[in-house]
Amino acid sequence: MDQDKVLHDSLKKYFGFDAFRPLQEEIIRSVLSGGDCLVVMPTGSGKSICYQLPAVVSKGTFIVVSPLIALMKDQVESLKANGIAAGFVNSSLEYHEEKTVMTDLQSGRLKLLYLSPEKLLSRSMHHQLKSLKISGFAIDEAHCISVWGHDFREEYSKLDFVKKQWPAVPVIALTATADKVTRHDIVKQLGLKNARIFLSSFNRPNLSLRVATGQRVYQQVKSIIDRYKGQSGIVYCLSRKTCEEVAAKLTLDGHNAAHYHAGMDRNERTKVQEDFIRDNVPVIVATIAFGMGIDKSNIRFVVHYNMPKNIEGYYQEIGRGGRDGLSCETVMFYSYRDVMVLRGFAEESGQKEIQLAKLRRMQQYAEASVCRRRILLTYFGEDLKEDCGNCDVCKNPPSVFDATITVQKALSALKRLKENVGMGTLIDVLRGSQKGYLFEKGYHEIKTFGAGRDLNYTEWQHYLLQMLHHGFIEIAYDRHHVLRITEAGNEVLFKNRKVRFVRPTEKGDKTLYLKPERKKTKKQILEESLFEMLCELRKMIADSKGVPPYVIFSDATLHEMAEERPFTADDMLLISGVGDHKLKEYGQVFIDHIIDFLVDSGVTGAQVKGISYLKTYKLLRERLTIPEIAKRRKIHDVTVYSHLAWLYEKNMIPSVEKWISNEEITKVQNAVAVTGSTQELKPIFERLDGKMHYGKIRLALSCLKNKNQLLP
Ligand code: ADP
Ligand code: ZN
1 MDQDKVLHDS LKKYFGFDAF RPLQEEIIRS VLSGGDCLVV MPTGSGKSIC
51 YQLPAVVSKG TFIVVSPLIA LMKDQVESLK ANGIAAGFVN SSLEYHEEKT
101 VMTDLQSGRL KLLYLSPEKL LSRSMHHQLK SLKISGFAID EAHCISVWGH
151 DFREEYSKLD FVKKQWPAVP VIALTATADK VTRHDIVKQL GLKNARIFLS
201 SFNRPNLSLR VATGQRVYQQ VKSIIDRYKG QSGIVYCLSR KTCEEVAAKL
251 TLDGHNAAHY HAGMDRNERT KVQEDFIRDN VPVIVATIAF GMGIDKSNIR
301 FVVHYNMPKN IEGYYQEIGR GGRDGLSCET VMFYSYRDVM VLRGFAEESG
351 QKEIQLAKLR RMQQYAEASV CRRRILLTYF GEDLKEDCGN CDVCKNPPSV
401 FDATITVQKA LSALKRLKEN VGMGTLIDVL RGSQKGYLFE KGYHEIKTFG
451 AGRDLNYTEW QHYLLQMLHH GFIEIAYDRH HVLRITEAGN EVLFKNRKVR
501 FVRPTEKGDK TLYLKPERKK TKKQILEESL FEMLCELRKM IADSKGVPPY
551 VIFSDATLHE MAEERPFTAD DMLLISGVGD HKLKEYGQVF IDHIIDFLVD
601 SGVTGAQVKG ISYLKTYKLL RERLTIPEIA KRRKIHDVTV YSHLAWLYEK
651 NMIPSVEKWI SNEEITKVQN AVAVTGSTQE LKPIFERLDG KMHYGKIRLA
701 LSCLKNKNQL LP
């Protein structure tokens, strides 16, 4: 069979997904062909499948090295829930637990084995692995190997061991954060050979972005949480004290919220994390200490009660939302007070200059009037071709104009100043200022001196900031903060790339931006309450198995179920996230609950096609007989038979022998052979001398049809 089909079939069979996300397929092919690679993709983009799928389709065991031992158990549970043999070994295991895993490992049964770096490097493990077929190594959180990354770990520095010991086994290194320097360092430190680097966009279009001013913040936050009715979210605060106060207030106001910060003892913190992951406590009010190593895909809102201290941190924090691909609302509150406090911290820190510069960028983001996503992606060196449409600026656009000439003037002046001046000097040159230092340096002689006289100083400031946000210029932090022209800037200057800018306005209050609450349709209400019911069912199953709810099904999967309302196994398998194993394990329970819900909520045939059959189905499951059902539903028993036939044809009931014998089916088969019609029941009825119930005839026809024993 060709590899294309094998990969797609396995994706559906084991993970329940119908299509690969960007880069996944390419990466998987690369691993399967035996090559080394480095994968840099944001959190939630689906890195795990890039090694889990190769592991499943290859012979042998795939080794996954991860420093986050708290996550291993849940990851292994998720794999098991998909019917994939997996195990983990780290310091958290009891001796006998470790022994069980090792036995499984030796039997060659395990498709994936998760290990902490220490375990991998231990002599005994090395010895074990040497005797087995290893299909590949995944190094998760690979940035930890580099001192250039933001989370260097000593125990990672010895992982070049892998390539030395298993030179022919493919290694896939994965991380969500690595700049260029770190990327090359990872490849070098691990000793990867001809490694391909897969770099995906950092854009997360499902996160909506909004900045609001810091007035009556608590009220605003509360009203956000109100809108999410028990769904999960994080509120980040600057100080431990604020965390505790806000969580307490929310609790008083009837919300189920807890606080989390580094000042709490270890057990308390673990408990809060667990409660959050298992959907026991939906809202966590936390300092930035919260979130690292939390694998929860259904976070629906991330609020910053205070402005974060830099864009990296901010993006990482909001990035924890919406990992299931569904929308996540992010709101950042911004006040001048926050800026002052953060400035104080920066002044005291070891890297005052850099911290202050980063804080300024954060503040500029908060005050900007161009697409916020553009600013963020520009910051990470990406160029967004179109405004995003999912941030407060895009949704509430300020007036724009063609600013190509203005930008060209500024860039050309900057070029002539050899990209060696700061913003103030550039503006002075553009405006043809008469200040002495310009003449001393000879700046008055350059060609563009005074070319921007038509605009005043503040206007230029405004436009240069927009140029920064659009990524036409950047600040060289390493060279006294002079301005540099970027690749995109050169496109404007030399290739006439068009630019649209916002006209400066009196700064109005853009804060009261809320989605207008549209009135919900009946269909939406039904879908929402069905979704809530499915969440409860999921939680019940998860609790009984002692696993987090997302291990059973993701929110995205439950939403699709609520929308599609599958009644049959075939329909259920079409839902994204339902693979073979989960269909077998949970399919029927979910189908039955969906049907019961629809019947109990009293929907009509116009709302849900086939609801009448479903009503009968429900009563059958309650063990009512055909006459009882007919009586209860005030319908004819022939109708009940026709429902049975419909349900049987859809494979919703496994057999009908309770209601019709093989002998009777044969009689009908013989009659059909004579009458030739399978549509009209009357000729068959007469052919059988009026001795067989119309309902049974109908049922017999279904049996024959299902067994393909019917004449056309
Ligand atoms: P990462 O490791 O990059 O943070 P994960 O591997 O945890 O991301 O995946 C994030 C979410 O996306 C998970 O819920 C996962 O099941 C889902 N996912 C991954 N690949 C696909 C796909 N091809 N189609 C649909 N959902 C996917
Ligand atoms: Zn936008």
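Under this note's numbering, the first residue of the sequence shown is numbered 1, with each subsequent residue one higher.
Glycine included, C-beta positions come from ideal geometry on N, C-alpha and C.
Boundaries of the beta strand (DSSP E) around H259: A257 to Y260.
Shown here, F449 sits in coil according to DSSP, grouped into three states, outside any helix or strand. Distance between T625 and K618, taken at the CA atoms: about 12 Å. Per DSSP, I595 lies in no beta strand (DSSP E) segment; the continuous alpha helix (DSSP H) that holds it begins and ends at Q588 to D600.
The Cβ neighbour count for Q316, taken over all protein chains shown within 10 Å, is at least 16; the residue is labelled buried.
A buried status is given to F17, since no fewer than 16 other beta-carbon atoms sit within 10 Å of its beta-carbon.
Residue nearest to A366 within the set I311, P282, H143 and I525 is I311 (criterion: CA-CA distance). In this structure, the beta-carbon distance from Q165 to L112 does not fall below 8 Å.
The stretch 403–414 and the stretch 227–246 do not touch, with fewer than three beta-carbon pairs separated by less than 8 Å. The closest heavy atom of the ligand ADP lies 7 Å or more from the beta carbon of Q165.
When Cβ pairs closer than 8 Å are counted between the two stretches, the stretch 71–88 is seen not to touch the stretch 24–35, the count staying below three. Relative to the ligand ZN, even the nearest heavy atom lies 7 Å or more away from the CB of C328. Within a 10 Å sphere around the beta-carbon of P627 sit fewer than 16 other beta-carbons, which makes this residue exposed. Scanning its chain for C-beta atoms nearer than 8 Å, with the 5 sequence neighbours on each side dropped, one finds around L359 the residues K309, N310, V339, L342, R343 and A346, in chain order. Counting C-beta pairs with one atom in each stretch, the stretch 495–505 and the stretch 552–563 have fewer than three that are closer than 8 Å, which means they do not touch.
A straight-line Cα-Cα distance of about 8 Å links N706 and Y648. Beta-bridge analysis with DSSP links V187 to no other residue. In the DSSP annotation of this structure, M423 is not part of any beta strand (DSSP E); the continuous alpha helix (DSSP H) holding it starts and ends at M423 to R431. Rounded to the nearest angstrom, the gap between the Cα atoms of V57 and K133 is 14 Å. A176 carries a coil assignment under DSSP once its states are collapsed to helix, strand and coil. Between the stretch 522–531 and the stretch 270–284 there are fewer than three inter-stretch CB-CB distances shorter than 8 Å, so the stretches are not counted as touching. Taking all protein chains shown into account, I405 has fewer than 16 neighbouring C-beta atoms within 10 Å of its C-beta and is therefore exposed.
Note on geometry: alpha-carbon atoms of Q588 and A569 lie some 8 Å from one another. DSSP assignment within the stretch 675–707 yields the following whole alpha helix (DSSP H) runs of 4 residues or more, N-terminal first: 682–687 and 694–706. At least one heavy atom of the ligand ADP lies less than 7 Å from the C-beta of G44. Going by C-alpha positions, W659 is about 58 Å away from L174. DSSP, reduced to helix, strand and coil, places Y114 within a strand of the structure shown. The beta carbon of R323 sits closer than 6 Å to those of G44 and S297, all from its chain and outside the five residues before and after it, given in chain order. Taking C394 as the centre and dropping the five residues before and after it, the same chain places the C-beta of C371, D387 and C388 closer than 7 Å to its C-beta, in chain order. Less than 8 Å separates the beta-carbon of S327 from that of N206. Straight-line measurement puts the Cα of R500 at about 12 Å from the Cα of F472. Exclusion of the five residues before and after F597 leaves L530 and M533 as the residues of its chain whose Cβ lies within less than 6 Å of its Cβ.
For S157, the secondary structure class from DSSP, reduced to helix, strand or coil, is helix. For the stretch 270–348, the continuous alpha helix (DSSP H) assignments of 4+ residues that do not extend past its boundaries occur at 311–318 and 336–348, in sequence order.
Check the Cα spacing between Y336 and each of D428, G214, F137 and T448: the tightest is with G214. Nearest to I299 by C-alpha distance, out of V246, I186 and P549, is P549.
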